[in-house]
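S.K.: Just dropping this structure here.
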Amino acid sequence: MAEVGNFRGLQAANKRKTFALLALFGVLMWVVAYAALTYFGGSSAFIVPIAVGLSLVSVWGSYYGSDRLVLTMTGAKLITESDNPKLFNLVHEVVIASGLPMPKVAIVVDQAPNAFATGRNPEHALIAFTTGILDAMDRDQLQGVIAHEMSHVANRDTLVSAVAASTAGAIAILSDFLMRMMFFGGRRDRDSNSNPIALVVSLLVLIMAPLAAMLLKSAISRKRESLADATAVSFTRNPAGLRSALEVLARDSTVVQQRSTAVAHIWIESPLDAKSVSRLFASHPPIEERIATLRAMESLS
Amino acid sequence: MEIIIALGVIALVIVFLVVQYNRLIRLNVAVDESFAQIEVQLKRRADLIPNLVETVKGYAEHEKSTFDAVVTARAKATSATSLTDVAAADGLLTQALRGLLAVAEAYPDLKASANFLSLQEELSTTENKVSFARQFYNDNVRELNTAVKTVPTNFFAGFAKVSEREFYEVEDPQSRQVPNVKF
Numbered sequence: 068m069a070e071v072g073n074f075r076g077l078q079a080a081n082k083r084k085t086f087a088l089l090a091l092f093g094v095l096m097w098v099v100a101y102a103a104l105t106y107f108g109g110s111s112a113f114i115v116p117i118a119v120g121l122s123l124v125s126v127w128g129s130y131y132g133s134d135r136l137v138l139t140m141t142g143a144k145l146i147t148e149s150d151n152p153k154l155f156n157l158v159h160e161v162v163i164a165s166g167l168p169m170p171k172v173a174i175v176v177d178q179a180p181n182a183f184a185t186g187r188n189p190e191h192a193l194i195a196f197t198t199g200i201l202d203a204m205d206r207d208q209l210q211g212v213i214a215h216e217m218s219h220v221a222n223r224d225t226l227v228s229a230v231a232a233s234t235a236g237a238i239a240i241l242s243d244f245l246m247r248m249m250f251f252g253g254r255r256d257r258d259s260n261s262n263p264i265a266l267v268v269s270l271l272v273l274i275m276a277p278l279a280a281m282l283l284k285s286a287i288s289r290k291r292e293s294l295a296d297a298t299a300v301s302f303t304r305n306p307a308g309l310r311s312a313l314e315v316l317a318r319d320s321t322v323v324q325q326r327s328t329a330v331a332h333i334w335i336e337s338p339l340d341a342k343s344v345s346r347l348f349a350s351h352p353p354i355e356e357r358i359a360t361l362r363a364m365e366s367l368s
Numbered sequence: 057m058e059i060i061i062a063l064g065v066i067a068l069v070i071v072f073l074v075v076q077y078n079r080l081i082r083l084n085v086a087v088d089e090s091f092a093q094i095e096v097q098l099k100r101r102a103d104l105i106p107n108l109v110e111t112v113k114g115y116a117e118h119e120k121s122t123f124d125a126v127v128t129a130r131a132k133a134t135s136a137t138s139l140t141d142v143a144a145a146d147g148l149l150t151q152a153l154r155g156l157l158a159v160a161e162a163y164p165d166l167k168a169s170a171n172f173l174s175l176q177e178e179l180s181t182t183e184n185k186v187s188f189a190r191q192f193y194n195d196n197v198r199e200l201n202t203a204v205k206t207v208p209t210n211f212f213a214g215f216a217k218v219s220e221r222e223f224y225e226v227e228d229p230q231s232r233q234v235p236n237v238k239f
């Protein structure tokens, strides 16, 4: 068990949980494929590689070009050191603390305070800030936010979410295909006398699988956010900075203009209205919980 | 068949040895690199000081002892080479700079001047960079020292000519002082 408040323990615990969730994804994928085979018989086996292939191509394409893709999707503009020397100073501090290469830095013109990180590996990392967050926060708070974003880079969260998204995508495509097959023509091997209970169960699995995949994807995203908070503290050794930054975000009610769910998971604070999304499907843990965890770390040091 | 198994076992053993050896070398290089980063940041700080002293002097001429302390500490810091000397001089300079900034607090004109404000930002970011560079160095030393002392890497330490390294510890009188409690 992880010691509460100890960032090393928290980091290890969050990594274990992510691994368990990714493994669950693999199991889910296997269950869906098995259910398809039970329901439709061997003739539907060809669908599994097609669904996986489609999903891989779409998600991995966006993973590889994530730094450029996200720039266009969020309207972020790359800046150079002369545009905002203070911000670059802060980023450079965290770069030294983490031992990571210097990322590209971008600005989103938006009143809502928020920030995100992306890029397929630390060498292609990009971190972006809204003009709102730069206005609202002091030095220590911004340092905490930058450390949180650089933690996503260090923990390779673009890769983790790409794995989660491609598996969830494959499961969605697969069950969509199979549902259609059910409506048009249905089971090919109707004559084979299979167990009716197995048929009902596999039908249920096909219906529930996309929902389960969404839940797993959100759970992974939430674990990665908690992990990034813990890693950020390991960089700055100053939980108070990130904690008070999160308090600023919690007090602020404005949300980032574009409410696209496609990029919701990459921001430091969920840009979607938290109350309208149920907790299980949320991409971020409740901000009060994150503040409480950081406060526990403060009392330790 | 037996030959294939024997060759396989030998290959595995070689891979294992290479991995351990490379890990030690990698950790050792990381320590060297992170020490170089400390030196880069200390140099940056030393370069900032003459400018800062001149600016403060323009507003607070008679704080001579504070300026002298900063200038002496800077001279010591720039001439130090060994890890212990660098760390000791670093601690002195940090303390002297703290004194200089405390002096600046008493002069509202100085605090408001654009030159001082930009110097102050430069100085606080450099202080942060210095302390993060120290922290990163010490983390790397900790990892190396653990590897040198634990199985299986400890068996290869002698062969790789890698040994335990010193932590970078700054003597900061302020943090060592026992708080003065009065009843």
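Those protein sequences? They're chains R and G, same order as listed. Quick note on numbering: this note's numbering labels position 111 of the first sequence as 178, and the sequence is numbered without any gaps. Quick note on numbering: this note's numbering labels position 51 of the second sequence as 107, and the sequence is numbered without any gaps. By construction, the Cβ of each residue, glycine as well, lies at the ideal position given by its N, Cα and C atoms.
Name the DSSP beta bridge partners of R/L136, please?
M.R.: Partner(s): none; R/L136 has no beta bridge.
S.K.: Please name the residue, chosen from R/N156, R/L266, R/V137, R/G120, that lies closest to R/F107 on a Cα-to-Cα basis.
M.R.: R/L266
S.K.: So that I know if they touch, is there some Cβ in chain G lying closer than 7 Å to that of R/E190?
M.R.: no
S.K.: R/V137 to G/P164, Cα distance in whole Å?
M.R.: Approximately 46 Å between the Cα atoms of the pair.
S.K.: Excluding the five sequence neighbours on either side, which residues of its own chain have a C-beta within less than 8 Å of the C-beta of R/V212, listed in chain order?
M.R.: A182, F196, I200, M204, L309, A312, I335
S.K.: So, helix, strand or coil for G/T19, using DSSP?
M.R.: Any question about residue 19 of chain G goes unanswered here, given that chain G covers just 57 to 239.
S.K.: For G/Q76 and R/K290, what's the separation of their Cα atoms in angstroms?
M.R.: 32 Å
S.K.: State the start and end residues of the unbroken alpha helix (DSSP H) segment that holds R/L145.
M.R.: R/L145 -> not in any alpha helix (DSSP H); beta strand (DSSP E) instead, spanning 144-146.
S.K.: Starting from R/K153, find everything on chain G with Cβ-Cβ shorter than 9 Å and list it in chain order.
M.R.: E177, T181
S.K.: Counting C-beta neighbours from all protein chains within 10 Å, is the total for R/P116 16 or more, i.e. buried, or is it exposed?
M.R.: Exposed: under 16 other Cβ atoms inside 10 Å.
S.K.: Please state the DSSP three-state secondary structure of G/F215.
M.R.: coil
S.K.: Can you give the Cα-Cα distance for R/Y101 and R/A286, rounded to whole angstroms?
M.R.: 24 Å
S.K.: Can we say the segment 146-153 of chain G touches the segment 118-132 of chain G, given the rule of at least three CB pairs closer than 8 Å?
M.R.: yes
S.K.: Between which two residues does the alpha helix (DSSP H) containing R/A118 stretch?
M.R.: 114-131
S.K.: Just to confirm the assignment, what range does the alpha helix (DSSP H) spanning G/A170 have?
M.R.: 170-205
S.K.: I want to see whether chain G comes within less than 7 Å of R/N156, judged by CB atoms only; does it?
M.R.: yes
S.K.: Determine the contact status of G/V204 and G/A213, defining contact as a CB-CB distance below 7 Å.
M.R.: Yes. Within cutoff.
S.K.: Just to confirm my understanding: we take R/E292, look at its own chain, exclude 5 residues before and 5 after, and list those with CB closer than 7 Å. What are they?
M.R.: The residues are H351, P352.
S.K.: Keeping to the same chain, check which residues put their C-beta closer than 6 Å to that of R/A232; ignore five residues upstream and five downstream.
M.R.: V126
S.K.: Would you mind giving the Cβ-Cβ distance between G/V186 and G/L156, rounded to the nearest angstrom? I have them listed as a contact below 8 Å.
M.R.: The Cβ separation is near 16 Å, so there is no contact.
S.K.: If you count every other CB in all the chains shown that lies within 10 Å of the CB of R/S242, and 16 or more means buried, which is it?
M.R.: buried
S.K.: For the segment 162-189 of chain R, which residues have a beta carbon sitting closer than 7 Å to at least one beta carbon of chain G?
M.R.: I163, A164, G166
S.K.: Apart from the five residues just before and just after G/L73, which ones in its own chain have a Cβ nearer than 8 Å to its Cβ?
M.R.: F212
S.K.: Between which two residues does the alpha helix (DSSP H) holding R/V176 run?
M.R.: Counting along the chain, R/V176 falls outside any alpha helix (DSSP H), and DSSP gives it neither H nor E.
S.K.: Tell me R/I194's beta-bridge partners as DSSP assigns them.
M.R.: R/V172, R/A184
S.K.: To the nearest angstrom, report how far apart R/A349 and R/A173 are at their CA atoms.
M.R.: 26 Å
S.K.: With a threshold of 6 Å on Cβ separation, who are the neighbours of G/F172 within its own chain once the five nearest residues in sequence on each side are excluded?
M.R.: T111, L166
S.K.: Spell out whether any CB of chain R is found under 7 Å from the CB atom of G/F172.
M.R.: no
S.K.: Would G/A216 pass as an interface residue toward chain R - the criterion being a Cβ-Cβ separation below 7 Å?
M.R.: Chain R contact via Cβ: absent.
S.K.: Of all Cβ atoms in chain R, is any one closer than 7 Å to the Cβ of G/N84?
M.R.: Contacts with chain R at 7 Å (Cβ-Cβ) do not include G/N84.
S.K.: Between R/D202 and R/L154, what straight-line distance do the alpha-carbon atoms span, to the nearest angstrom?
M.R.: 11 Å
S.K.: Using a cut-off of 7 Å between C-beta atoms, extract the partners of G/N184 located in chain R.
M.R.: E160
S.K.: Hey, would you say G/L108 sits closer than 7 Å to G/E222, going by beta carbons?
M.R.: no
S.K.: Can you tell me which of R/I358, R/T85, R/V99, R/H219 puts its alpha carbon nearest to the alpha carbon of R/V272?
M.R.: R/V99
S.K.: Do the CB positions of R/V315 and R/P306 come within less than 7 Å of each other?
M.R.: no
S.K.: Give the range of the alpha helix (DSSP H) segment to which R/R318 is assigned.
M.R.: 306-318
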